[in-house]
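Chains A and B are the protein sequences, given in the same order. Sequential numbering from 1 applies to the first sequence in my numbering. Sequential numbering from 1 applies to the second sequence in my numbering. Each residue gets a CB set at the ideal place from its N, CA and C atoms; glycine is no exception.
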Amino acid sequence: MNSPADNGLASDNRRLLLRLALSALVMFGFGFLLVPFYEKICDATGINNVLRPEAEAGARFAADAPLNSQVDASRSILVQFDANLHDLPWRFQPVQRSVSVHPGQLVHVEYEVTNTRAEPITGQAVPSYGPQLAGQYFRKLDCFCFAQQTLAPGERRIMPVVFVVDPALPPDVNTITLSYTFFELKGRSAASSAGGRAS
Amino acid sequence: MAAVTPDQLHGHHAPRGVMRWLTTTNHKDIGTMYMIFSFIMFLSGGVLALTIRAELFKPGLQVVQPEFFNQLTTMHGLIMVFGAIMPAFVGFANWMIPLMIGASDMAFARMNNWSFWLLPPAAILLIGSFFAPGGATAAGWTLYAPLSVQMGMGMDLAIFAIHIMGVSSIMGAINIVVTVLNMRAPGMTMMKMPLFCWTWLITAYLLIAVMPVLAGAVTMILADRHFGTSFFNAAGGGDPVMYQHIFWFFGHPEVYIMILPAFGIVSQIIPTFSRKPLFGYASMVYATASIAILSFAVWAHHMFATGMPAAGQLFFMYATMLIAVPTGVKVFNWIATMWRGSLSFEPPMLWATGFIFVFTIGGFTGLICAIAPIDIQVQDTYYVVAHFHYVLVAGSLFALFAGAYYWLPKWTGHMPSESLGKLHFWCSMVFFNLTFFPMHFLGLAGMPRRIPDYALQFADFNAIASVGAFGFGLSQLIFIVVVVKCIRGGERAAARSWESAEGLEWTVPSPAPHHTFEEAPVVR
């Protein structure tokens, strides 16, 4: 079985194996390269201006121009707060039931959450809006729902939401309900989520 | 396999019992193990699917809770794609490619053993994740961020399982490329190769190109979850839609990875039972290659609804519709092969003809989904579910059954029972359509997928689909009976088990001895 022809075949095979394994490695790196690659292409061609027709119509960077940040004192919007739990042994409620805000005004509100169980629990809050279309005019600058929350046994925490209601809010919307639901994230230990999600 | 008698192992001091299978480097043993593994995974994924259908039998929640339902749909997809369909084709490649090109074994026999034995641990990780705190991953088989960044540890287990299965498929693909390119018998030129070898060669290149990209994508998720990076985490400046781009850069070639070997199997079977050579061999090869090349330029048709500029939608829409051309060439060639042939419909031919019929339906609904304005309507509805089950079940799976009935005589030395094979085919065909055809109507009427409950007007079609699904699932038990009977005994198969079957694999005795083509045959 050790004829010269066989040795030639074996080394041919090995060469091809190395070449193919190398291309697999290159493709692994290429996967990571795709991240900056997509961003560069979108920047260079400006094709990421979805839903901004004014940007496509010539004034390519119009949408990046400073927005009118004036507070529209002529309107008042009632923002109501709601809190729900999904199978979670916590107490969760807004500190204030509702606030009246002017569009464009920076507002700071708080939610209170207490872990009633004798063990640390990790949860994630998911927001929803009523009416649904108000969501896109509701700009949150900070929110506890951006990160997973791990509460020690019996821990009580006051958590902020900082938001601005966009002055572009349609005039027929006078009341917005912001509702959070906390879901438990089973299987995520306190350590891993503190390392991964601290933001 | 029972057919391998001790005297065929003579002079090799081969270990017996479990060690024989653990340490084997024989391409036939490894191919057999791949197929048994994938069939077990097929049944496990099927049980998950039946649980889904039981829940959807009537509106409301009866059987499972929504969280568990999400785990079921996710794991059904992952298990069927990575555990059942892909390893089954690798098993066919292991068994048949060396026999078809006149090689004595695969190029790297030990690596072959390793690439199989990576699979069971990966399967245990994947299925075991059901028992992890928080349950298995429920982000859908596409593992979209941000859900996949937030899930519990079941997600980590799934990521590791995908890493391991990815390494396994890359090793298997490298083995196949080297075998096909370097180990062909004298006189077996590339354009004389059986089409199954051609489709697998091209598939193997696709695997080497895109499996590492998937590995990279899930590694990025892992880093986002545990190491504080923000590839896809919007709160840290990442972009969840970026994940979809990277995933589908893998995902679209992946669907051809699952269908091209099926085209190869069907292209072997149709000529045999038409008693005519394959019509348009060269065009089949070029069509396969063009499908593979085009598959890299169409990924974003999975993402029309994410908000894409019109220019992008148009490009991906036209590129996708272009793929219908080489696919149409293939369907045309199969039918042209059957045209005026002396047809006979033994079980392999039944499955292959059934494949052409139902796969073409799936291809047409694919064209409909490719049209961007329609896709935005049917995105994430049961129309899409119907489409991809028509191409994956009726495409890949039916072709796998066709191939199994075709080569069972070569594997076991006995002819598979014709009546049971026909029963298996007709039950599968009827129940498959009963399950998935109504889903087109459900999708067009707007029923969203991956949701455990639905509005009352969808109740009748869902009940029909559930009845069909249980019928389809139970029909697959017939296949177990066929295979067991075929291994135990039955009509002895000749070396050329089917009249007018062409190819080197039919020149060795049935069952194929443990070692074949130690002296390379010469192909004229």
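- Between the segment 29-39 of chain B and the segment 90-106 of chain B, the count of C-beta pairs closer than 8 Å reaches three or more; the two stretches touch.
- Contact with chain B is found for Y38/A, since one of that chain's Cβ atoms lies less than 8 Å from the residue's Cβ.
- When DSSP reads this structure, G363/B sits in no beta bridge, so it has no partner.
- Boundaries around A125/A are those of the beta strand (DSSP E), 121-130, since no alpha helix (DSSP H) includes it.
- For V47/B, the number of other beta carbons within 10 angstroms of its own is below 16, and it is reported as exposed.
- Nearest CB-CB separation between G152/B and chain A: below the 8 Å threshold.
- Non-local beta-carbon contacts of E55/B in its own chain, meaning distances under 7 Å to residues more than five positions away in sequence, involve Q62, V63, V64, F69, P452 in chain order.
- Below 8 Å, enough C-beta pairs join the segment 207-214 of chain B and the segment 11-24 of chain A to call them touching: three or more.
- Close CB contacts of S115/B within its chain, under the 6 Å cut and outside five residues either way in sequence, are with S168, M171, G172 (chain order).
- For N115/A, none of the residues of chain B pass the 9 Å Cβ criterion, the least Cβ distance being about 17 Å.
- DSSP places Q149/A in the strand class (E or B) of the three-state scheme.
- The shortest CA-to-CA distance from G362/B to any of K192/B, Y383/B, L343/B is the one to Y383/B.
- Here DSSP, grouped into helix, strand and coil, assigns E519/B to coil.
- Annotation: G264/B to A234/B spans about 43 Å, alpha carbon to alpha carbon.
- Residues V331 of the same chain have their beta carbon placed closer than 8 Å to that of T360/B, with the five preceding and five following residues left out of the count.
- Close CB contacts of L278/B within its chain, under the 8 Å cut and outside five residues either way in sequence, are with L195, S267, I270, P271, M284, N333, T337 (chain order).
- Linking L78/A to I158/A through their CA atoms gives a straight-line distance of about 22 Å.
- Secondary structure note for T320/B: its alpha helix (DSSP H) is the uninterrupted segment 310-338.
- Taking each of P133/B, A103/B, E67/B in turn and checking the Cα distance to I52/B, the smallest one comes out for E67/B.
- With 16 or more other CB atoms across the displayed protein chains lying within 10 angstroms of its CB, R184/B is buried.
- The beta-carbon of G421/B is placed no less than 8 Å from the nearest beta-carbon of chain A.
- Counting only residues of its own chain and dropping the five nearest sequence neighbours on each side, H27/B has a CB closer than 6 Å to the CB of N94, P98, D105, M106.
- Proximity of V35/A to chain B, defined by a Cβ-Cβ separation below 8 Å, is satisfied.
- Taking a contact as a CB-CB distance under 8 Å, the pair I85/B and L392/B counts as one, their CB atoms being some 7 Å apart.
- The DSSP-derived three-state label of L141/A is strand.
- Ranking P15/B, V358/B, C427/B by CA distance to the CA of G468/B puts C427/B first.
- V378/B is positioned such that its CB atom lies closer than 8 Å to that of G443/B.
- Counting every other CB atom within 10 Å of its CB across the protein chains shown gives Y406/B a total of 16 or more, marking it as buried.
- Under the criterion of beta carbons closer than 8 Å, R450/B and G83/B do not qualify as touching, at roughly 20 Å.
- At least 8 Å separates the beta-carbon of V298/B from that of A324/B.
- Three or more Cβ pairs closer than 8 Å define a contact, and the segment 128-138 of chain A meets that threshold against the segment 169-183 of chain A.
- Scanning chain A for C-beta atoms nearer than 7 Å to the C-beta of A107/B yields N13, reported in chain order.
- Beta-bridge analysis with DSSP links W90/A to N115/A.
- For V63/B, no beta strand (DSSP E) run applies, since DSSP gives it neither H nor E.
- Of all alpha-carbon atoms in A501/B, H389/B, M317/B, the one lying nearest the alpha-carbon of L343/B is that of A501/B.
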